[in-house]
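Chains as they are written, first to last, in the working numbering: chain A, 28 to 153; chain B, 28 to 153; chain C, 28 to 153; chain D, 28 to 153. Note that the Cβ used here is the ideal one computed from N, Cα and C, for glycine as well. Remember, predicted model here, so these are calculated numbers, not experimental data. Working notes, beginning with the structure itself.
Number of protein chains: 4
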Amino acid sequence: MPEAKPTTEVTTDALSTLRRALRQFAAERDWDQYHSPKNLAIALSVEAAELLEAFQWLTDDSSRSLSPDQIAKAKEEMADVFLYLIRLADKLDIDLVTAAEDKIALNALRYPRDKARGSNKKYTDL
Amino acid sequence: MPEAKPTTEVTTDALSTLRRALRQFAAERDWDQYHSPKNLAIALSVEAAELLEAFQWLTDDSSRSLSPDQIAKAKEEMADVFLYLIRLADKLDIDLVTAAEDKIALNALRYPRDKARGSNKKYTDL
Amino acid sequence: MPEAKPTTEVTTDALSTLRRALRQFAAERDWDQYHSPKNLAIALSVEAAELLEAFQWLTDDSSRSLSPDQIAKAKEEMADVFLYLIRLADKLDIDLVTAAEDKIALNALRYPRDKARGSNKKYTDL
Amino acid sequence: MPEAKPTTEVTTDALSTLRRALRQFAAERDWDQYHSPKNLAIALSVEAAELLEAFQWLTDDSSRSLSPDQIAKAKEEMADVFLYLIRLADKLDIDLVTAAEDKIALNALRYPRDKARGSNKKYTDL
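Okay, structure coming up:
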């Protein structure tokens, strides 16, 4: 993949470095046997819920002004989500940046500025 | 933040670009009112579950050889997770790459190669 | 509600007892302020993920033969899911048993025996 | 199990009926092969997230006054959670009502009225 997309590789350098670090981490521990896409998707979902737990019972407003401890907790859980996302993308040979760019483009079509402004509706209800 | 960390800014260029695109997307639609950290964490968790749904009922083995349609579905849901993660990091002023690097370092301490090799146990049970 | 549905009340007695116990538990702690349906749905989702975590990294087969410790962990998380489900149903004035019966009837239509036999496909793909 | 606990059986009659209905539903479709505890926990978690999605972007207040359509959506997703919970409990031979009662008793110890009143803190932080 790096050979095929030299330009993207430059701009996504941090992601590539993390991807390689995770590959090595798993290889050194013989963990690829556990890292099926299904299991990685489970792990990602569990970490996303642990992130959500950091905001449980908070009001919207208090979630905008977290304490340093709350930020640290959120940061660690977000790192877990990010790492499993990178690992799963590696296993499925998906380029996360391209996927994200494609989704933003799709969302721009689904949520035209005029119709979506100030609305919290799903595009299917706009 | 960009001024303070010029070096990191270069290596996380793709993430910065996505972060700015999401800021603009929300601003143009007056969506910041909905994008409290709590709500973004909910959205991320919902998308993670939609990603997991793509693997529901599959065996581990079949999750390793997805059809093009299944890959496309997974790719879109992974993009959603990624975008909400970037957006939440922006709102909390968290650097995702640094957070990920810190977590890999912590995991290296929690899961020493010798003890963790071939094991699916949590570090608290190693 | 009890007055209006005496017959159901008898058959769902255990659920009614739990519902009342949870009402009292919250009232004694002045927790109704936190128990918005949104917050209860978050809590339920977080507990469901903690339940899922008990099965993370296990194979399908090993999930069928859990250790006593694993069963105890699953039991506690299932209780949490159940309690939040009952509490949310109470707040939304939804009868869980009727809801479940209705859904089984809908699933019987969506998944006819002949078409669904041995298949792991979603009804929209049958 | 019914023979061993005649008294509980009476009070949990609605749950027993649903459990039997789900057993039959799965047997008629040859679905027990998919219904490993792991897969059922995944399904439950996915449904919990679909329930949460019904409250996504709502304020706490608006989640307290849902429209009939929103109630119907929540009801269906709560039914899904409930059914998978009953099915998983059946597979793990767990009595949901006993599990719930035990957890309420544990919570009463973890959250003493005086210390927990009006607080949204986790028991580990009380």
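Could you compute how far the alpha carbon of C/L133 sits from the alpha carbon of C/R144?
17 Å
B/A70 versus C/E103: straight-line alpha-carbon distance, rounded
26 Å
Whose Cβ in chain D lies nearer than 7 Å to the Cβ of A/N134?
Correct list: empty, because the minimum Cβ distance to chain D is about 15 Å.
Per-residue DSSP class, three states only, for C/K149
coil
Rounded to whole angstroms, what's the CA-CA distance from D/P139 to C/R56? Just pull it up for me.
Rounded to the nearest whole angstrom, the C-alpha separation of D/P139 and C/R56 is 8 Å.
Please name the residue, chosen from B/K100, B/Q83, B/A127, B/Y61, that lies closest to A/S90 on a Cα-to-Cα basis.
B/Y61
Using only the heavy atoms of the ligand NAD, determine whether one of them is closer than 8 Å to the beta carbon of B/K65.
For the structure depicted, the ligand NAD is absent and the ligand set is empty, with no information on it obtainable.
Kindly list the residues whose CB is nearer than 7 Å to the CB of D/Q1, restricted to its own chain and excluding five residues on each side of it in sequence; keep chain order.
A question about residue 1 of chain D goes unanswered here, because the residues of chain D that appear run from 28 up to 153.
Of the residues D/W84, D/S92, D/L123, D/D88, the one placed nearest C/A101, counting alpha carbons only:
D/L123
Does DSSP classify A/S63 as helix, strand or coil?
If DSSP states are grouped into helix, strand and coil, A/S63 belongs with coil.
Under a three-way DSSP split, which group does D/Q83 fall into?
coil
Drop a sphere of 10 angstroms on the beta-carbon of A/L42, count the other beta-carbons inside from all chains shown, and report buried for 16 or more, exposed for fewer.
buried
Residue burial classification, A/D120 (beta-carbon count within 10 angstroms, cutoff 16):
In summary, A/D120 is exposed, with fewer than 16 beta-carbon neighbours lying within 10 Å of its beta-carbon over all protein chains present.
Within the 9 Å Cβ cut-off, does D/A126 reach chain A?
no
Residues of chain A with CB closer than 7 Å to the CB of B/R154, please, in chain order.
The question about residue 154 of chain B has no answer, for chain B in this structure spans 28 to 153.
When Cβ atoms are compared, which residues of the stretch 86–112 of chain B fall closer than 8 Å to chain D?
Residues passing the 8 Å Cβ filter: none.
I'd like the list of long-range same chain contacts for B/K149, defined as Cβ closer than 8 Å, with 5 residues on each side in sequence excluded.
none
Best match in C/Q83, C/N147, C/D141, C/K118 for proximity to C/R50 [C-alpha to C-alpha]:
C/K118
Endpoints, the alpha helix (DSSP H) within which A/S43 is located
It spans 40–56 - the alpha helix (DSSP H) in which A/S43 sits, taken as one unbroken run.
Interface partners of B/D152 on chain A, CB under 8 Å:
Chain-ordered listing is empty here: chain A has no CB closer than 8 Å to the CB of B/D152, the nearest sitting near 15 Å.
Can you tell me where the alpha helix (DSSP H) with A/L93 in it begins and where it stops?
Segment: none, A/L93 is in no alpha helix (DSSP H) and carries neither H nor E.
Please identify the residue among B/T125, B/E128, B/V73 whose C-alpha is closest to the C-alpha of B/A106.
B/V73
Check whether the Cβ atoms of D/L110 and C/A127 lie closer than 9 Å to each other.
yes
Going by the beta-carbon positions, is the gap between B/R47 and B/A116 smaller than 9 Å?
no
Proximal chain D residues relative to B/A70, where beta-carbon distance stays under 7 Å
Q83
Could you spell out where the alpha helix (DSSP H) holding A/I131 opens and where it closes?
123–137
I'd like the list of long-range same chain contacts for B/M28, defined as Cβ closer than 6 Å, with 5 residues on each side in sequence excluded.
At B/M28 the pLDDT is 39, less than 50, meaning the model places this residue with poor confidence and gives no usable figure here.
Do D/L65 and C/D141 have their C-beta atoms within less than 9 Å of each other?
According to the sequence displayed, residue 65 of chain D carries Lys and not Leu. No, the Cβ-Cβ distance between D/K65 and C/D141 is not below 9 Å.
Where A/R144 sits in the DSSP three-state scheme:
coil
Going by Cα to Cα distance, which pick from C/L85, C/L112, C/I131 is closest to B/S146?
When only C-alpha atoms are compared, the closest one is C/L85.
Nonlocal neighbours in the same chain, by C-beta distance under 6 Å from D/L77, ignoring five residues either side
It is worth fixing the name first, because residue 77 of chain D is Glu in this sequence and not Leu. Contacts found: E104.
Taking only three categories from DSSP, how would you classify D/D120?
coil
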